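Plus 10 on top of the position in the sequence shown (first one is 1) and you've got the working numbering. Virtual Cβ for every residue (Gly too), placed ideally from N, Cα, C. Remember, it's a predicted structure, so these values are computed and weren't measured experimentally. Worksheet: one structure, shown below.
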Amino acid sequence: MRFTFLLMLASWVGFSSCQPAQPVTATPAQASETATTPAAGASTEAAARAAVARFVQQQPNAALYQLDSARALEVENHWQVLVPRTDWAGRMPNKAAFEVDKQTGVVTVLAVK
11 MRFTFLLMLA SWVGFSSCQP AQPVTATPAQ ASETATTPAA GASTEAAARA
61 AVARFVQQQP NAALYQLDSA RALEVENHWQ VLVPRTDWAG RMPNKAAFEV
111 DKQTGVVTVL AVK
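Take a look at the structure:
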């Protein structure tokens, strides 16, 4: 009986370690959040990264984002900015995604899969 209990406990611990805990990060209300930057928009990569940095600093969990490691990708009329998160280390995806409109500078949170 004791051996069976230990075997079940070891199995449970093993299974729970396979999938890292998924922290609660974005509610449906947060997924549609947007923020605007000054009227200049975000025509450069540096401006897009700065817009995302301002947006993230307004979030209650801003300390989780590693803004100095952010990467920006130019996609037609907007920028996609990927920002690593400290609480997502060891899991995939390990980055939060944001979209920055080049004309307006509006930052939108993107869902990552």
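Beyond the five residues adjoining it in sequence on each side, leucine 83 comes within less than 6 Å, by CB distance, of Gln90 in the same chain, given in chain order. Here the alpha carbon of valine 117 sits roughly 11 Å from the alpha carbon of alanine 60. Between proline 103 and valine 122, the C-beta gap is smaller than 8 Å, which places the two residues in contact. Distance from the CA atom of threonine 54 to the CA atom of threonine 114, rounded to whole angstroms, is 12 Å. Shown here, threonine 118 sits in a strand according to DSSP, grouped into three states.
Shown here, alanine 99 sits in coil according to DSSP, grouped into three states, outside any helix or strand.
With a cutoff of 8 Å on beta-carbon distance, valine 66 and valine 93 are scored as near each other. Note on alanine 106: 16 or more other CB atoms within 10 angstroms of its CB, so buried under the neighbour-count rule.
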